[in-house]
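Enquirer: Numbering (the numbering used here), first residue to last: 800 to 1078. The beta carbon of each residue, even a glycine, is placed where N, CA and C say it ideally should be.
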């Protein structure tokens, strides 16, 4: 087990207002200090340019080099103020040294990085989406809460990135996170569908960040003529997805639902009985 003391680097731009901002953190290692500061702090805090922050960082490194003990480094750095000061010390522990960097990043994101206003995620369910959801419900594998993904249920509108407002139309977890996105191309709004396809591709990329071993399925509806018109879009989607299913084909529709039902079942050697909704 390895233990490290650390403190937050704080900045008070105007003592009259008393506003305090966390602009970085400093770790007191046995041989030196490790300083992490907020990049482009001037975009977040007025009167604090990056050159000023770099000057503080260099002066702290110089002062800390004058003493040997980590506790003495903390004491000498707390005496250097000028609007930038340190919080009380805290500590963290890790089992192995290779966990150090991820832990520092976790603390930085939690305590220093400014929070971003979260977008309201609003879902406009198409008839195509609703039909698929109802089929999952008929198969008794539709989750009623996101937590049920841990029990091999299909979760609708599974959140992938809250800040960006990206979600999967459906997600199931059984060995792998299995993400399904849907698009109905049999509508007379090609530009809107092109934009929607781009968002689906972005969600696949976000899903890969959530789980590196995630599997991606693209379910769409396009008649023969429409499929030729959107061939370029489908080719692009195919680069980011594991399987594509055109629900204009009853065979592909049945194959998709059998696949998902098997993933949702503890016994994957038998195919469940089902009636597939045609629309």
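Count the other CB atoms, across all protein chains shown, that sit within 10 Å of the CB of residue 1059; report buried if there are 16 or more and exposed otherwise.
Expert: Counted from its first residue, the chain shown places residue 1059 at position 260. It is buried - the Cβ of residue 1059 has at least 16 other Cβ atoms within 10 Å.
Enquirer: Is the segment 939-946 touching the segment 905-912, taking contact as three or more C-beta pairs under 8 Å?
Expert: Contact between the segment 939-946 and the segment 905-912 is absent, because fewer than three Cβ pairs lie under 8 Å.
Enquirer: Do residue 832 and residue 825 have their beta-carbon atoms positioned less than 8 Å apart in this structure?
Expert: Position 26 of the chain shown, counted from the first residue, corresponds to residue 825. Position 33 of the chain shown, counted from the first residue, corresponds to residue 832. Contact flag set, yes.
Enquirer: For the segment 987-997 against the segment 955-965, are there 3 or more C-beta pairs whose distance is under 8 Å?
Expert: The segment 987-997 is not in contact with the segment 955-965.
Enquirer: Taking only runs that begin and end inside the segment 917-974, name each unbroken beta strand (DSSP E) of 3 or more residues, in chain order.
Expert: Runs found: 954-960, 965-973.
Enquirer: Please tell me whether residue 820 and residue 809 are closer than 8 Å, where the distance is taken between their beta carbons.
Expert: Stepping through the chain shown from its first residue, residue 820 is reached at position 21. Stepping through the chain shown from its first residue, residue 809 is reached at position 10. In contact: residue 820 and residue 809 (Cβ atoms closer than 8 Å).
Enquirer: Within a Cβ cutoff of 6 Å, which residues of the same chain sit near residue 941, ignoring the five residues on either side of it in sequence?
Expert: The count along the chain shown starts at 1 and reaches residue 941 at position 142. So the list reads 935, 953, once near-sequence residues are dropped.
Enquirer: Suppose the cutoff is 7 Å on Cβ atoms and the five residues either side in sequence are ignored; what does the same chain contact list for residue 1079 look like?
Expert: For the chain, the structure presents residues 800 to 1078; residue 1079 sits outside this window and is missing.
Enquirer: Starting from residue 826, trace the beta strand (DSSP E) both ways and give me its first and last residue.
Expert: One-based indexing of the chain shown puts residue 826 at position 27. Counting along the chain, the beta strand (DSSP E) containing residue 826 begins and ends at 820-827.
Enquirer: Relative to the C-alpha of residue 1040, which residue among 1062, 1003, 1053 is closest?
Expert: Counting from 1 along the chain shown, the entry for residue 1040 is found at position 241. Nearest of 1062, 1003, 1053 to residue 1040, Cα basis: 1003.
Enquirer: Nearest-angstrom Cα distance between residue 939 and residue 972?
Expert: Sequence index remark: in the chain shown, residue 939 carries index 140 (1-based). Sequence index remark: in the chain shown, residue 972 carries index 173 (1-based). About 16 Å.
Enquirer: On the criterion of 16 or more Cβ atoms from any shown chain inside 10 Å, does residue 873 qualify as buried, or is it exposed?
Expert: Along the chain shown, read from residue 1 onward, the residue named residue 873 stands at position 74. Classification for residue 873: buried.
Enquirer: What are the start and end residues of the alpha helix (DSSP H) that includes residue 1059?
Expert: Stepping through the chain shown from its first residue, residue 1059 is reached at position 260. 1049-1063 is the span of the alpha helix (DSSP H), which, as asked, contains residue 1059.
Enquirer: Between the alpha carbons of residue 857 and residue 827, how many angstroms are there, rounded?
Expert: Position 58 of the chain shown, counted from the first residue, corresponds to residue 857. Position 28 of the chain shown, counted from the first residue, corresponds to residue 827. Taking the straight line from one Cα to the other gives about 15 Å.
Enquirer: Can you give the beta carbon distance from residue 1018 to residue 1055, rounded, assuming they're within the 8 Å contact cut?
Expert: Along the chain shown, one-based indexing puts residue 1018 at 219. Along the chain shown, one-based indexing puts residue 1055 at 256. The pair is a contact, with the Cβ atoms about 6 Å apart (cut-off 8 Å).
Enquirer: Do residue 804 and residue 890 have their CB atoms nearer than 8 Å?
Expert: By 1-based counting over the chain shown, the position of residue 804 is 5. By 1-based counting over the chain shown, the position of residue 890 is 91. Taking 8 Å as the Cβ cut-off, residue 804 and residue 890 qualify as a contacting pair.
Enquirer: Going by DSSP in three states, residue 1010 sits in which element: helix, strand or coil?
Expert: Position 211 of the chain shown holds residue 1010. Residue 1010: coil per DSSP, three-state reduction.
Enquirer: Here's the rule I'm using: 16 or more other beta-carbon atoms within 10 Å means buried, otherwise exposed. How should residue 966 be labelled?
Expert: Translated into positions along the chain shown, residue 966 becomes position 167. Buried is the call here.
Enquirer: Taking only runs that begin and end inside the segment 976-1026, name each unbroken beta strand (DSSP E) of 3 or more residues, in chain order.
Expert: Taking only runs of at least 3 residues, the beta strand (DSSP E) segments lying wholly in the segment 976-1026 are 1014-1020.
Enquirer: For residue 1075, name the three-state secondary structure that DSSP assigns.
Expert: Residue mapping note: residue 1075 aligns to position 276 of the chain shown, counting from 1. The predicted position of residue 1075 is uncertain, since its pLDDT is 48 and thus under 50; a value taken from the coordinates is nonetheless stated next. Residue 1075 falls in the coil class under three-state DSSP.
Enquirer: Whole angstroms are fine: how far does the CA of residue 816 sit from the CA of residue 931?
Expert: Taking the first residue of the chain shown as 1, we reach residue 931 at position 132. Taking the first residue of the chain shown as 1, we reach residue 816 at position 17. If you take the alpha carbons of residue 931 and residue 816, they lie about 56 Å apart.
Enquirer: Which residue wins for smallest C-alpha separation from residue 1048, given the options 1031, 1038, 807, 1023?
Expert: Within the chain shown, numbered from 1, the residue matching residue 1048 stands at position 249. The candidate whose alpha carbon is nearest that of residue 1048 is 1023.
Enquirer: Could you compute how far the alpha carbon of residue 933 sits from the alpha carbon of residue 982?
Expert: To locate residue 933, count along the chain shown from 1; it is residue 134. To locate residue 982, count along the chain shown from 1; it is residue 183. The straight-line gap from Cα to Cα measures roughly 16 Å.
Enquirer: Is it the case that the Cβ atoms of residue 885 and residue 806 are separated by a distance below 8 Å?
Expert: Looking up residue 885 in the chain shown gives position 86. Looking up residue 806 in the chain shown gives position 7. For residue 885 and residue 806, yes; Cβs fall inside 8 Å.
Enquirer: Run through DSSP, which three-state label would residue 885 get?
Expert: The count along the chain shown starts at 1 and reaches residue 885 at position 86. Residue 885: strand per DSSP, three-state reduction.
Enquirer: How would you write the range of the alpha helix (DSSP H) that residue 1036 sits in, first residue to last?
Expert: As a first step, residue 1036 is located in the chain shown; it is residue number 237 there, counting from the start. Per DSSP, residue 1036 belongs to the alpha helix (DSSP H) from 1030-1037.
Enquirer: Less than 8 Å between the C-beta atoms of residue 892 and residue 800, yes or no?
Expert: Locating residue 892 in the chain shown gives position 93, where the first residue counts as 1. Locating residue 800 in the chain shown gives position 1, where the first residue counts as 1. Contact: yes.
Enquirer: Anyone know if the C-beta pair for residue 1033 and residue 1006 falls short of 8 Å?
Expert: Counting from one through the chain shown, the residue named residue 1033 turns up at place 234. Counting from one through the chain shown, the residue named residue 1006 turns up at place 207. Taking 8 Å as the Cβ cut-off, residue 1033 and residue 1006 do not qualify as a contacting pair.
Enquirer: Name the DSSP beta bridge partners of residue 892, please?
Expert: By one-based count along the chain shown, residue 892 stands at place 93. Paired residues: 802.
Enquirer: Using three-state DSSP, classify residue 835 as helix, strand or coil.
Expert: On the chain shown, position 36 is the one that residue 835 refers to. Strand at residue 835.
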